[in-house]
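Quick notes on the structure that follows.
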Amino acid sequence: MTAPLRPGDPTIVNVALGERAYDLVIGRGVIASLGARARALRPGAKAAIVTDDIVARLHLEAAEAGLAAGRVASSRVVIGAGEGAKSYAGLERICEALIAARLERGDLVVALGGGVVGDLAGFAAAIVRRGLDYIQVPTTLLAQVDSAVGGKTAINSSQGKNLIGAFHQPRLVLADTAMLDTLPMRQFRAGYAEVVKYALLGDAGFFAWLDANVKDVFAGIGAGGGGGAAREHAIATSCRMKAAIVARDERESGERALLNLGHTFGHALEAAAGFSDRLLHGEAVAIGIALAADFSVRRGVLAPETAARAIGHLGRAGLPVRIEEVAGDWPDADALLDLMAQDKKVKRGKLNLILLRDIGHAYMAPDVDPAPLRAFLVEKLKPQ
Ligand SMILES: NC(=O)c1ccc[n+]([C@@H]2O[C@H](COP(=O)([O-])OP(=O)(O)OC[C@H]3O[C@@H](n4cnc5c(N)ncnc54)[C@H](O)[C@@H]3O)[C@@H](O)[C@H]2O)c1
Ligand SMILES: [Zn+2]
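Here it is, written out as structure tokens:
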């Protein structure tokens with residue numbers, strides 16, 4: 015599925031997973047159709063909306079009105095905003111609230127929020143009554159292009175992020191691009207790092223388009239809203255790429271790993287920053303992509319001027335691309351290497367890194383020796 019039929023029509027992208035296939039519906043104002051779409055999926059079902067307190071203030075009314083317009087009865091579960099909710103305690107609260115709301119098999123959980131709400135509500139839906147259906151209504155750019163699509167759900171362990179979870183695909187993803195009007199610029203930018211990731215890993219034409227249209231993609235953010243076609247095009251193109259990759263490799267046995275471009279470096283930096291507001295996930299990914307590009311140059315597989323184009327674009331979008339741009343102290347190269355090794359992409363002491371051969375062409379470099387990587391990190395940690 016591709017472009018909208020008429021201006022104003024949503025873009026529909028299908029995630030082709032056989033009997034678990036579902037649509038991503040992308041467009042301004044699509045929240046109004048939530049109830050009609052839920053009813054079409056599960057006639058007679060009731061819904062419980064899970065959201066956080068910030069999103070509740072801004073968008074819960076619209077979601078409830080959307081459900082009511084389709085004559086779907088709903089209840090609400092509101093949690094505190096922030097990564098801290100992705101805990102055993104947060105999960106327990108949601109599971110108990112869903113049971114108390116008398117949700118039964120065949121009813122629907124609606125995850126209204128960013129990646130935190132989506133991961134948490136999706137995981138609760140996976141386990142309450144051994145599996146409830148759920149709808150993702152992502153409200154951050156990161157969630158619209160990434161976390162709401164693909165069925166990965168999780169909470170954090172004290173030993174690491176996203177270590178407890180399940181694959182549980184949603185039945186529908188409703189991405190209302192107008193909901194991003196209220197998103198703080200810093201959060202939008204962080205999500206934009208994932209958009210650039212898609213372009214770099216597999217679509218040179220999309221990268222060129224982003225390079226020419228980045229201003230329009232950001233239009234309206236932090237300025238009272240009103241973003242238009244360019245925002246929607248960037249989101250839909252990203253979603254198409256993620257949907258295609260997930261359809262080919264749902265459980266990440268191969269190609270889906272390419273989506274980790276910038277993430278092995280990025281996760282190490284996030285962990286070093288204590289998963290705090292000092293460094294948002296998308297900011298860590300931007301620095302991680304820049305490091306992956308530079309390391310690809312070092313390995314002789316990427317032309318330096320191509321790396322400079324990729325990194326320059328991230329920088330122009332206002333994203334950090336060097337470690338030193340993030341204030342405060344960083345651990346040394348050995349500690350960062352340890353954190354990289356704790357990431358899930360390690361096999362027998364050697365690292366699997368996603369590197370770049372060109373814009374639009376990422377590949378998995380297996381068995382990366384830690385020694386040259388360590389030397390590279392030592393250099394990158396020196397003020398430049
Ligand atoms: N499941 C996956 O495949 C996957 C992929 C990537 C990231 N993730 C997870 O996603 C999480 C990060 O998601 P995120 O960046 O969306 O963070 P988030 O959910 O914490 O949202 C960021 C902040 O924005 C607020 N917010 C959300 N929507 C808003 C809106 N429309 N207007 C104003 N404020 C709004 C939230 O309340 C929160 O304070 C992490 O926990 C990460 O592990 C999961
Ligand atoms: Zn990411």
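Residues 15 to 398 in my numbering are what the sequence shown spells out, letter by letter. Cβ coordinates follow ideal geometry from the N, Cα and C atoms, glycine included. Bear in mind that the values here come from a model prediction, so they are computed numbers and not experimental data.
Reduced DSSP secondary structure (H/G/I, E/B, other) of residue i
| i | result |
| --- | --- |
| Leu369 | strand |
| Ser47 | helix |
| Gly280 | helix |
| Ile235 | coil |
| Leu197 | coil |
| Lys211 | helix |
| Val335 | coil |
| Gln173 | coil |
| Ser88 | strand |
| Lys60 | coil |
| Ala298 | helix |
| Lys100 | coil |
| Lys394 | helix |
C-alpha gap between residue i and residue j, whole angstroms
| i | j | result |
| --- | --- | --- |
| Leu55 | Arg185 | 8 Å |
| Leu333 | Ile249 | 18 Å |
| Gly174 | Ala111 | 26 Å |
| Val124 | Val131 | 10 Å |
| Val340 | Ala30 | 40 Å |
| Met15 | Thr25 | Because the pLDDT of Met15 is 40, which lies under 50, any placement of that residue in the model is unreliable, and the number read from its coordinates should be weighed accordingly. Roughly 8 Å between the two C-alpha positions. |
| Ala389 | Ile40 | 44 Å |
| Gly240 | Asn28 | 27 Å |
| Ala300 | Ala243 | 24 Å |
| Leu387 | Leu146 | 44 Å |
| Gly302 | Ala83 | 44 Å |
| Ala401 | Leu350 | Any property of residue 401 remains undetermined from this structure, which presents the chain solely from 15 to 398. |
| Lys364 | Glu33 | 37 Å |
| Asp190 | Ile368 | 31 Å |
| Asp348 | His281 | 15 Å |
| Ala298 | Ile141 | 31 Å |
Paired residues, beta bridge with residue i - DSSP
| i | result |
| --- | --- |
| Tyr36 | Val29 |
| Phe181 | Lys166 |
| Gly41 | Asp190 |
| Arg69 | It is worth fixing the name first, because residue 69 is Val in this sequence and not Arg. Per DSSP, none; premise fails for Val69. |
| Gly127 | Pro152 |
| Tyr377 | Leu369 |
| Asp147 | Leu122 |
For residue j and residue i, believed in contact at Cβ under 8 Å, the rounded distance
| i | j | result |
| --- | --- | --- |
| Val151 | Leu126 | 5 Å |
| Ile113 | Val91 | With 8 Å as the limit, Ile113 and Val91 do not qualify as a contact, their Cβ atoms being about 11 Å apart. |
| Val231 | Arg245 | 6 Å |
| Leu155 | Gly96 | With a Cβ gap of about 18 Å, Leu155 and Gly96 do not count as contacting. |
Any non-hydrogen atom of ligand 4 closer than 6 Å to residue i Cβ
| i | result |
| --- | --- |
| Ala62 | Ligand 4 is not part of the structure shown, which contains ligand 1 and ligand 2 as its ligands. |
Discussion item. Which residues end up in the neighbourhood of ligand 2 when you take C-beta atoms closer than 6 Å to any of its heavy atoms?
Written reply: Asp160, Glu208, His277, His295, Val299
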